[in-house]
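Student:
There are 2 protein chains.
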Amino acid sequence: MMKRAIIYISDSTGITAETVGHSLLTQFPGLEFEPVTLRFVDSELKAREAAELINFAAEKSGQKPIVFSTLVEPEIRRIVMHSQGLFMDFMQQFLQPLADEFELPVRPSVGHTHGQEQQYENRMTAVNFALESDDGLRTQQYDRADIILTGVSRSGKTPTCVYLALHYGIFAANYPLVEEDLENMHLPEHLKKYRQKLFGLSISADRLHRIRSERRPDSEYASLRQCQYEVRQVEALFRQCQISFLDVTTMSVEEISTHIMTQARLGHNGTTFKKP
Amino acid sequence: MMKRAIIYISDSTGITAETVGHSLLTQFPGLEFEPVTLRFVDSELKAREAAELINFAAEKSGQKPIVFSTLVEPEIRRIVMHSQGLFMDFMQQFLQPLADEFELPVRPSVGHTHGQEQQYENRMTAVNFALESDDGLRTQQYDRADIILTGVSRSGKTPTCVYLALHYGIFAANYPLVEEDLENMHLPEHLKKYRQKLFGLSISADRLHRIRSERRPDSEYASLRQCQYEVRQVEALFRQCQISFLDVTTMSVEEISTHIMTQARLGHNGTTFKKP
Numbered sequence: 199m200m201k202r203a204i205i206y207i208s209d210s211t212g213i214t215a216e217t218v219g220h221s222l223l224t225q226f227p228g229l230e231f232e233p234v235t236l237r238f239v240d241s242e243l244k245a246r247e248a249a250e251l252i253n254f255a256a257e258k259s260g261q262k263p264i265v266f267s268t269l270v271e272p273e274i275r276r277i278v279m280h281s282q283g284l285f286m287d288f289m290q291q292f293l294q295p296l297a298d299e300f301e302l303p304v305r306p307s308v309g310h311t312h313g314q315e316q317q318y319e320n321r322m323t324a325v326n327f328a329l330e331s332d333d334g335l336r337t338q339q340y341d342r343a344d345i346i347l348t349g350v351s352r353s354g355k356t357p358t359c360v361y362l363a364l365h366y367g368i369f370a371a372n373y374p375l376v377e378e379d380l381e382n383m384h385l386p387e388h389l390k391k392y393r394q395k396l397f398g399l400s401i402s403a404d405r406l407h408r409i410r411s412e413r414r415p416d417s418e419y420a421s422l423r424q425c426q427y428e429v430r431q432v433e434a435l436f437r438q439c440q441i442s443f444l445d446v447t448t449m450s451v452e453e454i455s456t457h458i459m460t461q462a463r464l465g466h467n468g469t470t471f472k473k474p
Numbered sequence: 199m200m201k202r203a204i205i206y207i208s209d210s211t212g213i214t215a216e217t218v219g220h221s222l223l224t225q226f227p228g229l230e231f232e233p234v235t236l237r238f239v240d241s242e243l244k245a246r247e248a249a250e251l252i253n254f255a256a257e258k259s260g261q262k263p264i265v266f267s268t269l270v271e272p273e274i275r276r277i278v279m280h281s282q283g284l285f286m287d288f289m290q291q292f293l294q295p296l297a298d299e300f301e302l303p304v305r306p307s308v309g310h311t312h313g314q315e316q317q318y319e320n321r322m323t324a325v326n327f328a329l330e331s332d333d334g335l336r337t338q339q340y341d342r343a344d345i346i347l348t349g350v351s352r353s354g355k356t357p358t359c360v361y362l363a364l365h366y367g368i369f370a371a372n373y374p375l376v377e378e379d380l381e382n383m384h385l386p387e388h389l390k391k392y393r394q395k396l397f398g399l400s401i402s403a404d405r406l407h408r409i410r411s412e413r414r415p416d417s418e419y420a421s422l423r424q425c426q427y428e429v430r431q432v433e434a435l436f437r438q439c440q441i442s443f444l445d446v447t448t449m450s451v452e453e454i455s456t457h458i459m460t461q462a463r464l465g466h467n468g469t470t471f472k473k474p
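Taken in order, these protein sequences are the chains called A and B. Start counting at 1 in the first sequence, then tack on 198, and there's your number in the working numbering. Start counting at 1 in the second sequence, then tack on 198, and there's your number in the working numbering.
#1: Curious, which full-length beta strand (DSSP E) runs of at least 3 residues does the segment 430-464 of chain A contain?
#2: Would you kindly report the start and end of the unbroken alpha helix (DSSP H) that includes A:ALA370?
#3: Considering only residues of the same chain and omitting the five flanking positions on each side of B:HIS457, which have a CB-CB separation below 6 Å?
#4: From B:GLU242 to B:ARG276, what distance separates their C-alpha atoms?
#5: Counting C-beta neighbours from all protein chains within 10 Å, is the total for B:THR217 16 or more, i.e. buried, or is it exposed?
#6: By the criterion of Cβ-Cβ separation under 7 Å, what are the contact partners of B:ARG237 in chain A?
#7: Tell whether a beta-carbon distance below 8 Å holds between B:SER210 and B:ALA249.
#8: Can you tell me which of B:ALA371, B:VAL350 and B:MET279 puts its alpha carbon nearest to the alpha carbon of B:ALA324?
#9: Between A:LEU399 and chain B, is any beta-carbon pair separated by less than 8 Å?
#10: According to DSSP, which residues form a beta bridge with B:SER400?
#11: If A:ASP339 sits next to A:SER331, beta carbons under 8 Å apart, how far is it from one beta carbon to the other, in whole angstroms?
#12: CB B:SER442 to CB B:PHE397, shorter than 8 Å?
#13: Would you decide whether B:THR448 is buried or exposed? Buried here means 16 or more other CB atoms lie within 10 Å of its CB.
#14: Counting only beta-carbon separations shorter than 8 Å, does B:THR262 have a partner in chain A?
#15: Using a beta-carbon distance below 8 Å, is B:THR348 in contact with chain A?
#16: Please name the residue or residues paired with A:PHE226 in a DSSP beta bridge.
#17: By Cβ distance below 8 Å, which residues in the same chain neighbour A:GLN461 in space, the five residues on each side in sequence not counted?
#18: Hey, A:VAL432 and A:GLY349: beta-carbon distance below 8 Å or not?
#19: From the DSSP secondary-structure annotation, give me the bridge partner or partners of B:SER267.
#20: Taking only beta-carbon positions, decide if B:SER221 is within less than 8 Å of chain A.
#21: With a 10 Å radius around its C-beta and 16 neighbouring C-beta atoms as the bar for buried, classify B:LEU229 as buried or exposed.
#22: B:GLU299 to A:LEU389, Cα distance in whole Å?
#23: Quick one, which of A:PHE436, A:ALA256, A:ARG408 and A:ARG437 has its alpha-carbon nearest A:ARG423's?
#24: What is the DSSP secondary structure of B:VAL239, reduced to helix, strand or coil?
#25: What are the boundary residues of the alpha helix (DSSP H) that A:LEU364 is part of?
#26: Relative to the C-alpha of B:ILE207, which residue among B:LYS201, B:MET200 and B:HIS220 is closest?
#27: Quick check on A:LYS395: buried or exposed, where buried means 16 or more other Cβ atoms within 10 Å of its Cβ?
#28: Is there a Cβ of chain B sitting closer than 8 Å to that of A:GLN339, yes or no?
#29: Which residues of chain A have a Cβ atom closer than 7 Å to the Cβ of B:PHE300, listed in chain order?
#30: For the beta strand (DSSP E) containing A:LEU347, name the first residue and the last one.
#31: In this structure, what does DSSP give as the bridge partners for A:ARG202?
#32: Give me, in chain order, the residues of the same chain whose beta-carbon lies closer than 8 Å to that of B:CYS359; leave out the 5 immediate sequence neighbours on both sides.
#33: When you compare the CB of A:GLY212 with every CB in chain B, is at least one pair closer than 8 Å?
#34: At a Cβ threshold of 8 Å, is A:THR217 touching chain B?
#35: Just to check my reading of the structure: B:GLN294 and B:VAL304 have Cβ atoms closer than 8 Å, yes? What is that Cβ distance to the nearest angstrom?
#36: Hey, is A:THR288's beta-carbon within less than 8 Å of any beta-carbon in chain B?
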């Protein structure tokens with residue numbers, strides 16, 4: 199059986215089409231897909247090229263390609279819709295009910311992921327902050343941090359900080375706990391006065407062993423014994439210091455980030471509408 | 199007029215609901231919104247709390263909250279749907295046509311953004327690569343780079359590298375061009391043998407001036423004159439060395455990243471199905 203062709207198509211970045219299409223496809227585990235993203239399809243010429251590509255994929259595979267679309271221009275949509283794909287239209291289906299509710303006309307305009315200027319600047323500043331405060335660097339700027347992730351080496355702190363910054367403008371620093379901290383079972387000096395901002399990441403020793411082995415195969419650092427020791431100690435330390443922590447063994451960086459936001463009440467978490 | 203309440207609701211991270219909801223709302227510029235994300239709504243108790251919050255927002259504002267949902271469990275969906283919001287259902291609407299096409303039953307399962315294990319590991323490795331190769335560091339690992347971004351200081355290289363890594367597993371390094379390079383109009387030694395991997399970012403002098411002024415107000419570095427000089431020189435250098443470049447002045451990091459992928463033919467760009 200050939201893999202099913204998946205076409206994400208957009209007049210802009212294609213990120214929305216990819217995100218929601220991917221979510222839908224995870225509901226069908228076991229199937230195999232061949233994804234293609236057609237971005238910036240913003241002219242009739244490009245729309246015809248896209249339609250040709252969809253038809254070509256259909257003929258080659260003998261199966262309807264699945265087309266996830268966020269196209270908004272009517273003429274461009276029409277051209278792509280008339281190809282041999284199964285057309286899933288994320289914009290049109292929802293724009294009309296929204297327009298009705300807002301009592302506004304639907305005036306298609308090519309989307310921008312940019313959003314508000316100030317919010318965007320803040321995200322970029324947060325990315326710089328995350329990089330500058332990676333791996334225990336620049337603890338002197340912890341006053342500006344919204345959150346400080348801590349845990350053993352390779353428990354996922356860095357990607358999580360970067361994700362929180364890039365997507366939510368959260369100022370996230372990270373500080374690695376090293377053997378000395380774990381032996382003495384006390385928090386490093388730099389962290390003591392920021393206990394309220396600390397959040398721990400833990401991970402199974404098996405998984406940590408596998409991750410570290412990729413980086414430094416056959417080292418003491420990557421050995422299962424060492425990983426077991428560090429994980430046991432770090433969790434005991436988190437409990438002793440009453441630091442909230444999360445076991446990230448089976449989580450993606452998206453899941454880790456959003457769990458942290460929920461638990462640490464960062465970002466938009468419904469507080470605005472909470473009854474007093 | 200009160201801001202309209204927007205509720206993103208999900209049994210998982212909420213990222214899909216946020217992404218597609220945000221795309222739809224950008225079609226209605228001029229309206230103001232008060233967004234809230236309710237994540238990990240995976241029990242009937244949490245569903246009832248969510249419905250209460252939606253009803254509370256409706257009463258407080260006298261307007262229907264807009265509910266963008268990726269909930270999949272029928273009973274949880276039912277509870278939330280019966281609140282006083284305008285319920286926009288991203289999953290249900292598309293799952294049935296997909297299931298019909300795949301000739302499979304719809305078996306709701308709570309979504310994971312994780313995707314395939316190997317692909318995920320690759321993204322995390324790419325994040326480490328981006329951080330290690332930020333700002334001209336570790337040029338010795340440029341052999342492993344898929345792309346090397348270059349340009350003047352503060353032209354957006356770092357967030358773009360991080361985005362490409364985190365979302366697409368692209369190994370992206372970045373190297374800043376400094377005054378000396380711009381005066382002499384030649385590429386730094388480290389870059390010469392990687393010309394095929396280079397991609398330039400440019401930006402308007404005005405915008406660069408504003409960005410640099412936030413960081414170092416009233417410095418020579420941030421002065422409009424200096425920015426004008428650097429931008430003029432860097433674009434001349436890109437042209438002289440035949441390096442593709444992009445003017446990122448009005449672009450978000452998502453737009454910059456996807457434009458680069460399109461131009462440099464990185465990631466899934468339709469090549470699989472291109473006729474020979």
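Where is the CB? At the ideal position from N, CA and C, for every residue including glycine.
Tutor: In terms of the structure at hand:
#1: 443-445
#2: Looking at the DSSP string, A:ALA370 is not in any alpha helix (DSSP H); the run it does join, the beta strand (DSSP E), is 370-374.
#3: Correct list, in chain order: LEU444.
#4: 10 Å
#5: B:THR217 is buried by the Cβ-count criterion.
#6: THR456 and THR460
#7: Between B:SER210 and B:ALA249, the CB-CB gap reaches or exceeds 8 Å.
#8: B:ALA371
#9: no
#10: B:ASP445
#11: A small correction: the amino acid at residue 339 of chain A is Gln; Asp does not occupy that position in the sequence shown. Contact flag correct, Cβ pair sits at about 6 Å.
#12: yes
#13: Exposed is the call here.
#14: Contrary to the premise, residue 262 of chain B reads as Lys rather than Thr in this sequence. Judged by the 8 Å Cβ criterion, B:LYS262 is in contact with chain A.
#15: No, its Cβ sits nowhere closer than 8 Å to a Cβ of chain A.
#16: DSSP, once it has assigned bridges, lists no residue as partnering A:PHE226.
#17: PHE397, SER442 and LEU444
#18: yes
#19: B:ILE207 and B:ASP287
#20: yes
#21: Here B:LEU229 is exposed, its C-beta having fewer than 16 other C-beta atoms within 10 Å.
#22: A direct Cα-to-Cα measurement between B:GLU299 and A:LEU389 gives close to 55 Å.
#23: Taking A:ARG423 as reference, the option from A:PHE436, A:ALA256, A:ARG408 and A:ARG437 with the minimal CA-CA separation is A:ARG408.
#24: coil
#25: 355-366
#26: B:HIS220
#27: buried
#28: A:GLN339 does not count as touching chain B.
#29: PHE226 and LEU229
#30: 345-349
#31: Beta-bridge pairing links A:ARG202 to A:PHE231.
#32: ALA328, SER331, ASP332, LEU347, ALA370, ALA371 and ASN372
#33: Contact with chain B is found for A:GLY212, since one of that chain's Cβ atoms lies less than 8 Å from the residue's Cβ.
#34: yes
#35: 6 Å
#36: Per the sequence shown, the amino acid found at residue 288 of chain A is Phe instead of Thr. Yes, because at least one Cβ of chain B sits closer than 8 Å to the Cβ of A:PHE288.
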